[in-house]
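Trainee: Just so we're aligned, residue 4 is where the sequence shown starts under our numbering, counting upward by one.
Where is the CB? At the ideal position from N, CA and C, for every residue including glycine.
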Amino acid sequence: MKAIEAFIESQGGPEVIDWREVTLGAPGPGQVLLRQTAVGLNYLDTYHRDGTYPVPLPSGLGVESAGEIMAVGEGVHGLRPGDRAATFGPERSAYASARLVGAASLFKLPATIDDETAAAALLKACTVEMLVERCAKVEAGWPVLVHAAAGGVGLILVQWLKAVGATVIGTVSTEAKAHAAREAGADHVLMYKSDDVAAHVREITDGQGVPVTFDGIGMATWDVSLKATARRGLIVSYGNAGGPVTGVNLGILAQHGSQFVTRPTLFDYYHLPGERAAGADRVFEMIASGAVKVTVGQRYSLEDAARAHADLQAGRTTGSTLLIPEHA
Numbered sequence: 004m005k006a007i008e009a010f011i012e013s014q015g016g017p018e019v020i021d022w023r024e025v026t027l028g029a030p031g032p033g034q035v036l037l038r039q040t041a042v043g044l045n046y047l048d049t050y051h052r053d054g055t056y057p058v059p060l061p062s063g064l065g066v067e068s069a070g071e072i073m074a075v076g077e078g079v080h081g082l083r084p085g086d087r088a089a090t091f092g093p094e095r096s097a098y099a100s101a102r103l104v105g106a107a108s109l110f111k112l113p114a115t116i117d118d119e120t121a122a123a124a125l126l127k128a129c130t131v132e133m134l135v136e137r138c139a140k141v142e143a144g145w146p147v148l149v150h151a152a153a154g155g156v157g158l159i160l161v162q163w164l165k166a167v168g169a170t171v172i173g174t175v176s177t178e179a180k181a182h183a184a185r186e187a188g189a190d191h192v193l194m195y196k197s198d199d200v201a202a203h204v205r206e207i208t209d210g211q212g213v214p215v216t217f218d219g220i221g222m223a224t225w226d227v228s229l230k231a232t233a234r235r236g237l238i239v240s241y242g243n244a245g246g247p248v249t250g251v252n253l254g255i256l257a258q259h260g261s262q263f264v265t266r267p268t269l270f271d272y273y274h275l276p277g278e279r280a281a282g283a284d285r286v287f288e289m290i291a292s293g294a295v296k297v298t299v300g301q302r303y304s305l306e307d308a309a310r311a312h313a314d315l316q317a318g319r320t321t322g323s324t325l326l327i328p329e330h331a
């Protein structure tokens, strides 16, 4: 099978993304040949591209995709040609019309989950499952602060928190994104570029602050997160959209009330096969039940990935973004 795939030979801006045509042979032991119908765009992809997370070069891009299995290699069990499947990595090279991928990284899709939903949601929703249920262990009745509440992860995070009974305070950058966050269920929406977010959070929580802050922005909101989080509260810093948090003086956590901070990554919580399977099953259950609705805010052709990267980093996207191969 012939396919096109993205690659980078150096790390930098969206312009470093290039394309090549490849011929894919039969899958090797433990591999499948996946014809891809939808590819998910994630902030993680920009970190691999720009060097925030160094990768060996040359490198493929993208970790999230869905499609149809065309062939399976020796030793592959539970998957067969014709099955629909999706993956969120950690293998890169998802920006492709077809590819050889390790079967161990694939999840067979139930009939209730279509390919676009899987590619738009699997990495983000599994991240949310990890953040809410494994990392922060949010309980019903808690007020929780969510930065970037209208982003791909943010919209799912708001819905998931509402499903477990939390009160959600979201921050956004535009009125359109405020509307999206409210539609997802946010109880309070603040404009982080103009509002005094920490002061409003303290007012909403009767001066206490929130027991958990989910911060996918990073350095740009670090000080706000410290000021908005309660005594002995937890700051879950899971992204770098506003720059990585660096040079942290641990004493600052004491000054703000003996706070905790963690910097989780999905693959540490989805390390064992049983952890991965349980997490994906929970995600599929939440989507199938309607508790989590996946919003695809924009679609680009696969070969327009550079423009999609630029739009994502400029804050011009809402919800999840898909890259669609030409044959899909």
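Evaluate E119 with the Cβ neighbour count: other Cβ atoms within 10 Å of its Cβ, from every protein chain shown; 16 or more gives buried, anything less gives exposed.
Mentor: Result: buried.
Trainee: Please list, in chain order, all residues of the same chain as G76 whose beta carbon is under 8 Å from its beta carbon, the five residues on each side excluded.
Mentor: Counting only Cβ-Cβ distances below 8 Å, and skipping sequence neighbours, we find A29, P30, G31, P32, G33, Q34, V35, A106.
Trainee: Can you tell me where the alpha helix (DSSP H) with F91 in it begins and where it stops?
Mentor: Where F91 is concerned, there is no enclosing alpha helix (DSSP H), given that its DSSP letter is neither H nor E.
Trainee: Exposed or buried, what is L109 when buried is set at 16 or more other beta-carbons lying within 10 Å of its beta-carbon?
Mentor: Under this definition L109 is a buried residue.
Trainee: Work out the CA separation of K230 and A257 for me, nearest whole Å.
Mentor: The straight-line gap from Cα to Cα measures roughly 12 Å.
Trainee: Quick one: give me the first and last residue of the beta strand (DSSP E) that P3 is part of.
Mentor: Nothing in the structure corresponds to residue 3, since the chain is present only between 4 and 331.
Trainee: Contact between the stretch 126-140 and the stretch 200-213: three or more CB pairs below 8 Å?
Mentor: Counting Cβ pairs under 8 Å, fewer than three are found: no touch.
Trainee: Going by the beta-carbon positions, is the gap between D53 and G81 smaller than 8 Å?
Mentor: No. Outside cutoff.
Trainee: Less than 8 Å separating the beta-carbons of L37 and I72?
Mentor: A contact, by the Cβ cut-off of 8 Å.
Trainee: Here's the rule: buried if 16 or more other CB atoms are within 10 angstroms of the residue's CB, otherwise exposed. What is V264?
Mentor: Buried.
Trainee: Hey, could you find the ends of the beta strand (DSSP E) E71 is sitting in?
Mentor: It spans 67-75 - the beta strand (DSSP E) in which E71 sits, taken as one unbroken run.
Trainee: Classify V141: buried if its beta carbon has 16 or more other beta carbons within 10 angstroms, exposed otherwise.
Mentor: Answer is buried; the Cβ neighbour count reaches 16.
Trainee: Distance check for A122 and T224, CA to CA, integer angstroms please.
Mentor: Approximately 29 Å between the Cα atoms of the pair.
Trainee: Compute the distance between the beta-carbons of G245 and T232, then report whether it is under 8 Å.
Mentor: No; because the gap between Cβ atoms is not below 8 Å, this pair is not in contact.
Trainee: So is N252 buried or exposed if we call it buried at 16+ other beta carbons inside 10 Å?
Mentor: Per the 10 Å Cβ criterion, exposed.
Trainee: Give the secondary structure of I172 by DSSP, where H, G and I count as helix, E and B as strand, and everything else as coil.
Mentor: Correct three-state label for I172: strand.
Trainee: What would DSSP say about H191, mapped onto helix, strand or coil?
Mentor: Residue state, collapsed to three classes: strand.
Trainee: Whose CA, out of K5, V19, G43, D21, lies closest to the CA of L27?
Mentor: Closest option to L27, Cα to Cα, is K5.
Trainee: Indicate whether L164 and V147 have their beta-carbon atoms separated by less than 8 Å.
Mentor: In this structure, V147 lies closer than 8 Å to L164 by Cβ.
Trainee: Would you mind giving the Cβ-Cβ distance between I172 and L193, rounded to the nearest angstrom? I have them listed as a contact below 8 Å.
Mentor: That belief holds up - the Cβ atoms of I172 and L193 are roughly 7 Å apart, short of 8 Å.
Trainee: To the nearest angstrom, how far is the alpha carbon of G322 from that of A187?
Mentor: Approximately 10 Å, taken between the alpha carbons.
Trainee: Out of T174, V79, D307, R83, which one is the CA nearest neighbour of A153?
Mentor: For the residues T174, V79, D307, R83, the minimum Cα distance to A153 belongs to T174.
Trainee: Identify the continuous alpha helix (DSSP H) that holds G277 and give its terminal residues.
Mentor: It spans 276-292 - the alpha helix (DSSP H) in which G277 sits, taken as one unbroken run.
Trainee: Rounded to a whole number of angstroms, what is the C-alpha to C-alpha distance between W22 and L325?
Mentor: Roughly 18 Å separates the two Cα atoms.
Trainee: Report the residue ranges of all beta strand (DSSP E) runs contained in full by the stretch 215-248; include only those spanning at least 3 residues, in chain order.
Mentor: If we require 3 residues or more, the beta strand (DSSP E) runs fully inside the stretch 215-248 come out as 232-240.
Trainee: Can you tell which of I20, V135, D218 has the C-alpha that lies nearest to the C-alpha of A143?
Mentor: Checking every option, the nearest Cα to that of A143 belongs to V135.
Trainee: Would the stretch 270-284 count as touching the stretch 175-182 if we require 3 or more Cβ pairs under 8 Å?
Mentor: Result no; under three Cβ-Cβ pairs closer than 8 Å.
Trainee: Could you pull the start and end residues of the beta strand (DSSP E) that A41 belongs to?
Mentor: Where A41 is concerned, the enclosing beta strand (DSSP E) stretches over 34-44.
Trainee: What would DSSP say about I20, mapped onto helix, strand or coil?
Mentor: Residue state, collapsed to three classes: coil.
Trainee: Contact check, D190 vs T170 under 8 Å by CB: the rounded distance?
Mentor: With a Cβ gap of about 5 Å, D190 and T170 count as contacting.
Trainee: Name the DSSP beta bridge partners of T324, please?
Mentor: Looking at the DSSP assignment, T324 forms a beta bridge with L44, Q301.
Trainee: Closest by CA to W145, which one among A291, G250, V215?
Mentor: Selected option, being the one with the closest Cα: V215.
Trainee: Decide yes or no for the touch test of the stretch 86-103 against the stretch 38-47: beta carbon pairs closer than 8 Å, at least 3 of them.
Mentor: With the cut-off at 8 Å, the stretch 86-103 and the stretch 38-47 touch.
Trainee: Excluding the five sequence neighbours on either side, which residues of its own chain have a C-beta within less than 6 Å of the C-beta of G260, listed in chain order?
Mentor: So the list reads R234, once near-sequence residues are dropped.
Trainee: Residues bridged to F263 by DSSP?
Mentor: DSSP output for F263 lists L237 as bridge partner(s).
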